[in-house]
Amino acid sequence: MTAPHSVLIVGESLAGTAAARHLRTLGHTGPVTIIGAEEEGAYSRPPLSKAVLKDPTADHTLGLSLDGLDIGVIRSAAVAADPRRRTVTTADGRRIGYDALILATGADARRLAAPGQRGELVLRTLDDARLLRTRLADAATAIVVGAGFLGMEVASACAARGIPVTVVDTDRPLRRILGGYLSAAITARAAAHGIRFVQATGVAALTGDPVHGVLFPDGTELTGDLVVTCAGEVPCVGWLDGTGLADRLGVGIDDACATTVPGVFAAGDVTYLRGNATRPHRRAPFWSNAVAQGRTAAASALGLPPSGPSQDDYFWTEIAGLSVKIVGRLPLLGEPTTVAGSVAEGRALLTWTHTDGTATAVAYGRRQPITALRRLAATSPLPLNSAQPAHT
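Taken in order, the sequence shown gives residues 62 to 453; the numbers are from the working numbering.
Pasting the structure below:
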């Protein structure tokens, strides 16, 4: 394609700012404009649950600066797009044209409250984190709905304050993502730090107005001073209605971060990788993936080959004071292929080999450079009985 004169990025997100930086790195000198909906500007979201809930001074360390890059910023939410005319309309009535468009609007927190039900707490934005931090200061008990990465991080923040917290989910903590082996270890560690877990037999409903509890399918109700919903995310695609760019999974992209509409690319939590004959559709709403896709989308928007892969399978979390870093495909099924160290003691290096020959490496409470984890994931590990025995 002919190199575009102007590039418009919708979403002042990690993916959006990564795309903007990379456009300049690649030598693009034409106009670059970002449309952002939050007055706070661009900031990193992973620290919201890991640092901001614990420390008010962390609020000021999250910014993603674009200083010196000559990037125009419009702080008004995008409300409509017209790919045929190559324009995007904002809430304040502006209509911005483009030669190439990068969609990076991210996702919103999935909510469980009934229409009109007040008081549901979620954690997706800096404002959400500030409100939750304030509520934690006065809470004697807490309930977290959802035992994924975010739910367990929020529960850990509660436990660190000495607040008795109960996590509710239909599956064991992180089992759907990390498999039974690590789920069991994480559940045991969480319990030792005062995090209680209740497995529901079906979808739980929020009770009260404002929300003060959770109602289980069997009629049992659990109440707390605060209830936090950590039930996943919903891609921000409502403003794309009628464009053919989005569906219920988000904006579908290929390995070059191209959508099905010429001149339109996408990156980050708003996307899913379109499946083909050998792979299903795949969402991967993680920090490292947003950066990789932002860079790929920038290159593709300029008609250049990407300088690296568009998918980066690196994830990390911190639960009950223990860091878990992962490189490779998820979920993790069955027993690990190799274990070095002790999982029970919170110091282990593990690998899983998948049926397609790829591997996933996990640093479980063990200090390990990401480059070393990447090398380990790229190798073909020995079977477990040929490596150090597992200590669980």
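Cβ atoms here follow ideal geometry from the backbone N, Cα and C, with glycine treated the same way.
- The bridge partners DSSP lists for Glu282 are Leu276.
- Buried is the label assigned to Leu123, since at least 16 other Cβ atoms lie within 10 Å of its Cβ.
- A direct Cα-Cα distance of roughly 40 Å separates Arg85 from Ala208.
- When DSSP reads this structure, Lys386 sits in a beta bridge with Trp377, Ala424.
- By the C-beta density criterion, Gln354 is buried, having at least 16 other C-beta atoms within 10 angstroms.
- The three-state secondary structure of Asp169, taken from DSSP, is strand.
- With respect to the 9 Å criterion, Val298 and Ala292 are not classified as neighbours on the basis of their beta carbons.
- Residues of the same chain with a CB within less than 8 Å of the CB of Leu182, apart from the 5 flanking positions on each side, are Asp189, Leu192, Leu193, Arg196, Val272, Leu287, Val288, Val289, Thr290 in chain order.
- Between the region 83-102 and the region 353-369, the count of C-beta pairs closer than 8 Å reaches three or more; the two stretches touch.
- One thing to note: Leu125 has its Cβ within 9 Å of the Cβ of Leu75.
- Using a Cβ distance threshold of 9 Å, Ile96 and Ala103 do not count as a contacting pair.
- Unbroken alpha helix (DSSP H) stretches of 4 residues or longer found wholly inside the region 302-345: none.
- Assignment of beta-bridge partners to Arg257 by DSSP yields Thr227.
- Ala359 carries a helical assignment under DSSP once its states are collapsed to helix, strand and coil.
- Fewer than three beta-carbon pairs drawn from the region 414-432 and the region 362-370 are found closer than 8 Å, and the two stretches are therefore not classed as touching.
- Rounded to the nearest whole angstrom, the C-alpha separation of Gly263 and Arg344 is 24 Å.
- Asp143 sits in a strand when the DSSP states are folded into three classes.
- When rounded, the separation of the alpha-carbon atoms in Ala220 and Ala261 is 21 Å.
- Residue state for Tyr104 is assigned as strand, using DSSP reduced to three classes.
- Considering only Lys115, Arg179, Asp374, Arg106, the residue with the shortest C-alpha distance to Arg436 is Asp374.
- Under the three-state reduction of DSSP output, Ala246 falls in the helix class.
- Straight-line measurement puts the Cα of Ala351 at about 11 Å from the Cα of Cys318.
- In the three-state DSSP reduction, Ala218 falls in the helix class (H, G or I).
- Annotated three-state conformation of Thr398 is coil, per DSSP.
- Assigned with DSSP and collapsed to three states, Leu211 falls in helix.
- From the listed residues Thr320, Gly212, Ala246, Ala142, the smallest Cα separation to Leu184 is found for Gly212.
- Short of 8 Å from the beta carbon of Arg233, and not among the five residues preceding or following it, lie these beta carbons of its own chain, in chain order: Ala208, Gly241, Ser244, Ala245, Thr248, Phe258, Gln260.
- Taking C-beta separations shorter than 7 Å and ignoring five residues to either side along the sequence, the partners of Glu214 in its chain run Ser110, Lys111, Thr378, Glu379, Ile380, following chain order.
- Assignment of beta-bridge partners to Val149 by DSSP yields Ala142, Ile157.
- Taken atom to atom, the span from the alpha-carbon of Thr412 to that of Ile387 is near 10 Å.
- Thr94 has Leu69, Gly133 as its beta-bridge partners, per DSSP.
- Closest by C-alpha distance to Ala201, out of Ser137, Gly129, Pro225, is Pro225.
- DSSP places Arg179 in no alpha helix (DSSP H); its state is neither H nor E.
- Per the coordinates, the alpha-carbon of Ala170 lies some 6 Å from the alpha-carbon of Val295.
- With contacts defined by Cβ atoms closer than 9 Å, Leu267 and Ala203 do not form a contacting pair.
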